[in-house]
Structure formats: structure tokens, C-alpha cells
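Counted the way the numbering used here counts, the sequence shown spans residues 222 to 669.
Idealized CB from N, CA, C, for every residue including glycine.
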Amino acid sequence: MQKEEAKGILERTIAAAGGLELEVMLGGGSDTLTRFANNEITQNVAERRYLVSVRIVEGKRTGRATGNDLSKAGIARLIERAAAATRLSPEIQGLLPLPDPQTYREVDGFDAATASLGADARAGEIGKAVARCREAGLEGAGIYEVRAGTIGDYGEIGPLALANSRGLSAYHVGTSAEFLISALEGTASGWAGYESHRAGGVDGAALSARAVEKAVRSRDPKAWAPGRYTVVLEPAAVADLIQDMSWISFGALLVQEGRSFLAGKIGQKVMGENITLRDDPFHPLHRGSPFDSEGMPTIPTTIIERGVARSAVYDRQTAAKEGRESTGHGLPVPNTYGPLARHLVLEGGEGSVEHLIRRVDRGLLVTRVWYTNVVDPKSVTLTGMTRDGLFAIEKGRVTHAVRNFRFNQSVVQMLNQVEGMSAPVCSGGVVCPGLLVRDFHMSSATEF
């Protein structure tokens with residue numbers, strides 16, 4: 222949806238509210254996906270949808286109503302529902318009035334060629350990918366997904382445009398392309414992925430070649446004993462761990478309530494001096510929205526600087542508690558979760574994962590992890606499984622496959638034990654490098 226069309230919907234909604242203190246959020250766009258398995262396309266889906274969400278503020282009460290009818294009558298019903306919800310809602314102590322107009326940085330996150338990419342083009346890249354799998358006697362499975370707008374991974378919809386009765390007006394539209402492939406044979410598997418705001422970088426053949434290489438190498442894995450190992454974590458594995466840490470650690474409400482490892486630690490050293498972690502929607506590998514769901518400008522925020530805890534991320538409510546400004550990380554109000562870091566960047570080094578492997582005398586190469594769950598939020602101890610290629614590293618070379626492990630590891634401790642980094646890439650929604658980590662805890666072995 223173009224800016225002027227979105228702006229018109231927002232302005233008509235505010236005008237129809239007749240002077241109420243009102244916020245209106247418009248979100249949605251297009252989401253097209255081709256799924257493949259057993260070396261053939263199994264599904265093509267496409268959706269184009271938009272939602273309007275209206276929030277009314279009356280004193281200490283606020284209520285919200287959301288719907289997909291953008292007609293004049295549909296908007297009128299939304300306003301009525303939001304007003305009714307507001308009257309029935311309990312008072313919220315410290316509820317803030319709607320914000321005044323804000324200024325936003327421009328983000329070049331929209332690629333027209335990606336937005337218009339069709340099913341034939343997606344099928345073409347998938348064809349190249351599964352051809353490589355067939356040649357190797359493997360089964361290829363995965364997805365090629367392209368989005369324009371703010372439909373999320375699980376169908377949730379974020380703000381495309383937002384305005385309020387005080388004159389605030391914000392708009393941002395971006396595109397994204399994701400190609401994921403697994404090459405499979407029995408218990409052997411390999412994986413590769415690509416994500417960017419541009420589909421032009423997708424190379425199905427090259428991605429498949431990488432997944433195939435890992436799958437072939439992962440045949441006949443040998444058993445290693447559980448224990449603490451020097452590991453090279455590829456970016457996909459790092460991204461999963463960093464993302465999980467973010468959800469339970471970096472929001473200011475978590476810190477204020479003492480639920481985060483950052484509580485009482487701001488200004489103190491909590492990680493290795495080689496660790497700098499920030500949230501930055503303007504990073505060229507992110508190109509995210511310059512505003513949050515409250516309409517506040519998203520400010521690049523350094524969370525960890527050279528190992529020292531610097532700041533959590535804030536929404537308006539948590540910022541007001543400390544007499545500071547929001548960093549623009551708010552979710553739609555009302556919410557009980559608090560602010561959320563959405564564009565994580567772990568600064569890296571130079572070179573490739575292969576350069577890290579050459580530095581290891583004896584250890585493990587971890588392609589990625591899954592089924593990660595929180596064991597202890599205060600220490601950010603996570604458990605999960607390795608997958609899609611776990612390999613022995615001996616004297617700087619990958620020598621053979623290893624049976625998968627369950628790990629039980631504090632991510633904070635892990636980031637105190639980093640001895641090397643590759644150049645960063647975007648993986649799993651996080652910009653991060655591969656990491657060379659000592660004493661990573663593999664807690665139990667599997668039979669595959």
C-alpha cells in the first residue's frame with residue numbers, strides 16, 4: 222500500500238472519531254511462499270491483507286479494537302468497539318497520553334523487484350536447488366518466501382503506518398526474501414539459508430550445494446562423549462541463541478522487575494571485551510522500521526559495549542518510570558510484555574567461518590540449533606539440540622560427522638568465552654558473526 226493511500230485511511234479514521242483521543246495503526250501487505258519437499262514443489266500460497274487497529278484513551282483507561290474492514294462503515298464499527306472496550310477497561314496507573322508528532326529517519330528497505338517477484342521466479346530457483354539434491358541422491362526440502370509490508374513469520378501484523386489525534390504520522394514499508402533449504406538422507410542432513418530485503422541475491426544452486434555438502438559429510442556420525450568443547454558456531458546457531466537471550470533479557474520492563482541478567486548490572490562488565498551488541502534498524506543488513514508500535518522513533522541502542530552493560534531498550538511506559546526518553550522499542554499498547562529489541566546486531570570480525578575452524582586443535586563445528594528452551598532466565602541458561610551438521614574439528618580441519626548433542630549453556634557465560642569471530646551476516650533476523658567459543662557445554666549425546 223502506497224503512503225498516500227495509507228495516510229488517507231488513517232486520516233479518515235481520526236476524523237470519524239469526532240475529537241476522541243485516538244491512535245490508529247494500519248498494518249499488512251503481501252506474503253507469497255513456495256514450499257518444497259522430496260525434491261518437488263508441494264505448495265504455493267499468496268495472501269494480501271491489511272488490518273486497522275484503533276486505540277482510544279480516556280483518562281487512565283484505554284481500549285483497542287482491530288479489524289480488516291477498511292470501509293467507512295467498518296472503521297465506524299471499530300471506533301465503537303474501541304470506545305466500548307475503553308469504558309469497560311480497568312484504570313491503568315501511569316497510563317500516558319498519546320505522543321506528539323515525531324521525526325523519523327528514512328530507511329531504504331523496499332525493493333520493487335522483490336515486491337513483484339512471482340511464483341515462476343521462485344520455482345526457478347527451487348528447481349536449481351532440488352537438481353543439486355537429486356544429483357547427490359538426497360531429498361531437498363525448504364521454502365522460498367517473499368514479503369512486502371509488515372506480515373510477520375507467524376502471521377502477526379506490525380505497523381505499516383500509524384497516526385494519532387495529536388498529529389503524529391508515520392509510514393514505512395519494506396520487503397524481505399528468505400530461501401531456506403535442507404538436504405536430507407535418513408538421519409543425515411545439511412542446511413543453508415539466505416535472507417535479505419532483496420530477492421536478487423538468492424542463488425538456489427549455491428545454497429543447495431552448501432546444504433548437500435553438509436548432508437554428505439554428516440553421514441555415519443561418530444559418538445563423542447558429552448563434555449565441554451571448543452566450538453565454532455555458525456551464524457545461524459549464534460542467531461538462535463542471541464535471539465532467545467534478547468526475549469528474556471533486553472527489555473527495560475524485565476530489567477526493572479529484576480527478571481533480566483542486566484538488572485543491577487548497568488555500567489558493569491558482564492561479557493568479554495570483544496562483545497558489542499546493539500539494536501539498530503538502520504544497519505544495512507536489517508533496514509527495519511524507523512518507528513515502533515507507539516509511533517516513537519527507534520533509536521539505535523547499544524546494549525553491551527566491549528563487554529560492559531550499557532542499556533536496555535525502552536518503550537514510553539518503562540522510560541517514564543526512569544525519567545528518560547523511549548528508545549522506540551514499544552509494542553502495541555496496552556501490553557504486559559514490555560519493550561522488545563527487534564533488530565539485533567552482534568558486531569563481528571573479518572574473514573569466514575573457515576578461518577575460525579583453522580584455529581581449532583580439537584573441537585566441534587555447529588551448523589545450527591533447534592528446540593531451544595530457557596532453563597534459567599537470570600543466567601540466560603538455554604538447552605537445545607544441534608542439527609543439520611555437527612562435525613569434528615581436528616588440527617584445523619573438519620574430519621568427520623559427530624552424533625548430535627543436547628547442550629545446556631548460559632549464553633552470558635558463552636559470550637565471556639569468545640575467542641574469535643567471522644564477518645557478520647544476517648541470519649534468523651539477527652546480524653551476527655560465526656563464533657569460536659571455548660568450553661561450550663554439550664550435556665548429553667544422542668543416537669543420531
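Presumed contact (8 Å Cβ cut-off) between residue i and residue j, rounded CB distance
i, j, result
"L291", "V275", "L291 to V275, Cβ: 12 Å. No contact."
"A258", "A362", "4 Å"
"N629", "T604", "5 Å"
"A541", "L317", "6 Å"
"L585", "V639", "About 15 Å; that fails the 8 Å criterion."
"V433", "A404", "5 Å"
"R326", "F503", "6 Å"
"R431", "P598", "Not quite, the Cβ-Cβ distance comes to about 34 Å (not below 8 Å), so this is no contact."
"L247", "Y271", "6 Å"
"L635", "V658", "The sequence given here places Met at residue 635; Leu does not occur at that position. Indeed they touch by this definition, with Cβ atoms about 6 Å apart."
"A344", "I230", "With 8 Å as the limit, A344 and I230 do not qualify as a contact, their Cβ atoms being about 34 Å apart."
"Y392", "A382", "4 Å"
"D252", "R368", "5 Å"
"M517", "Q323", "6 Å"
"I520", "G549", "5 Å"
Bridge partners - residue i, DSSP secondary structure assignment
i, result
"V646", "C653"
"M606", "W591, R627"
"V423", "In the DSSP output, where bridge partners are listed per residue, V423 has none listed."
"T287", "S274"
"V658", "V452, V639"
"R438", "Bridge partners of R438: none, in fact."
"G584", "T451, I614"
"A444", "None, per the DSSP bridge assignment."
"A666", "F626"
Among the options, the one whose alpha carbon lies nearest that of residue i
i, options, result
"S665", "V633, L636, N625, G655", "N625"
"T207", "A267, D597, T593, E615", "This structure cannot speak to residue 207, because the chain is shown only from 222 to 669."
"V574", "R580, S643, S600, R583", "S643"
"A238", "L338, R387, R343, V433", "R387"
"A336", "V394, I525, Q464", "V394"
"L243", "N385, T588, R480", "N385"
"L567", "I296, G528, S600, R583", "G528"
"G551", "V581, R431, F512", "F512"
"L475", "G641, D461, P560", "P560"
"S410", "G569, G641, R589, R449", "R589"
"W591", "D582, S251, D609, H576", "D609"
"A286", "Y365, E268, R308, R537", "R308"
"A484", "E515, D332, A530, V459", "A530"
"V633", "C647, I614, E494, G650", "E494"
"E668", "I372, G339, W445", "W445"
"T557", "S547, A297, R355, E478", "E478"
Segment limits, alpha helix (DSSP H) that includes residue i
i, result
"V351", "340–356"
"E225", "224–237"
"T307", "293–309"
"T620", "It is not in any alpha helix (DSSP H) - T620 instead sits in the beta strand (DSSP E) that spans 618–622."
"A336", "333–336"
Boundaries (first-last residue) of the beta strand (DSSP E) holding residue i
i, result
"S274", "261–279"
"T253", "243–258"
"V601", "No beta strand (DSSP E) holds V601; DSSP gives it neither H nor E."
"A362", "360–370"
"A382", "382–385"
"A391", "390–392"
"E416", "409–417"
"E312", "E312 -> no beta strand (DSSP E), and no H or E assigned at all."
"E399", "396–406"
Practice task
Identify every run of the beta strand (DSSP E) within the segment 455–532, keeping only runs that are complete inside it and at least 3 residues long; order them along the chain.
Solution key: Fully enclosed beta strand (DSSP E) runs of 3 or longer: 498–500, 522–526.
Practice task
For the segment 531–579, list the alpha helix (DSSP H) runs that are entirely contained and at least 4 residues long, ordered along the chain.
Solution key: The segment 531–579 contains these whole alpha helix (DSSP H) runs: 537–542, 574–578.
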